[in-house]
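Colleague: Numbering (this note's numbering), first residue to last: 2 to 171.
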Amino acid sequence: MTYFKNVNTLEELRKQYKELLKQYHPDNANGSTEATQEINAEYDRLFKVLKNKHESKQTSTDGAKADFNANKYDFEADEKLREVMQKIINFTNINIEVVGCWLWVDGDTYPYRNDLKEIGFKWASEKKKWYFHTEAFRKRSKRKLSMDDIRNLYGSTEVQTEQRKQLKQA
Numbered sequence: 002m003t004y005f006k007n008v009n010t011l012e013e014l015r016k017q018y019k020e021l022l023k024q025y026h027p028d029n030a031n032g033s034t035e036a037t038q039e040i041n042a043e044y045d046r047l048f049k050v051l052k053n054k055h056e057s058k059q060t061s062t063d064g065a066k067a068d069f070n071a072n073k074y075d076f077e078a079d080e081k082l083r084e085v086m087q088k089i090i091n092f093t094n095i096n097i098e099v100v101g102c103w104l105w106v107d108g109d110t111y112p113y114r115n116d117l118k119e120i121g122f123k124w125a126s127e128k129k130k131w132y133f134h135t136e137a138f139r140k141r142s143k144r145k146l147s148m149d150d151i152r153n154l155y156g157s158t159e160v161q162t163e164q165r166k167q168l169k170q171a
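(1) Mapping the DSSP letters down to three states, classify glutamate 136 as helix, strand or coil.
(2) I need the boundaries of the alpha helix (DSSP H) containing lysine 23, first residue and last residue.
(3) Compare the C-beta of glycine 108 against all C-beta atoms of chain D and say whether one is closer than 7 Å.
(4) When you compare the stretch 97-109 with the stretch 119-139, are there three or more beta-carbon pairs, one atom per stretch, that lie closer than 8 Å?
(5) Answer yes or no: do tyrosine 111 and phenylalanine 92 have a C-beta to C-beta separation smaller than 7 Å?
(6) Let's see if you can read the secondary structure: which residues bound the alpha helix (DSSP H) around glutamate 119?
(7) Which one of Gly121, Leu51, Leu146 and Asn94 has the shortest CA to CA distance from valine 85?
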């Protein structure tokens, strides 16, 4: 079965991947481990194709690589976020939100605080949430943004686990 439809860029691939995981994750009613594995395999295949396509477009007319590091898609960061997400997806009574290339976690996190620290999460006391981002991030200003401002700026996706779906239905 083909899960991804009309994917032309890495950003489109990543967006569809998040949506598919929300729909087919084993914790969801429609989900299964087999479907998730198929989605991951198809994602990896398309990722390689689009990565090569993206890199081949970056050559200049004289054949030398263009300086595109500032706009380059960060493949390592994407993989790291996926790994971290898999480590925390089965924690109970927590909310996971993907905002840009950050993971934000709140809810009943107290029992998992040591696990979260070990994985690399940090506590944001003003927001009352744990956050994770790759080492590539550097803060460029001293502005303090609310979570709503951050969501509006970078986009946001809540990860729906089976437990969260049951709470919404109750």
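The beta-carbon is built from N, C-alpha and C at its ideal position, and this holds for glycine as well.
Modeller: In brief:
(1) coil
(2) Segment 11-25, the alpha helix (DSSP H) holding lysine 23.
(3) Protein chains in the displayed structure number just one, and chain D is not present.
(4) yes
(5) Going by C-beta atoms, tyrosine 111 is not nearer than 7 Å to phenylalanine 92.
(6) 114-120
(7) Closest by alpha carbon: Gly121.
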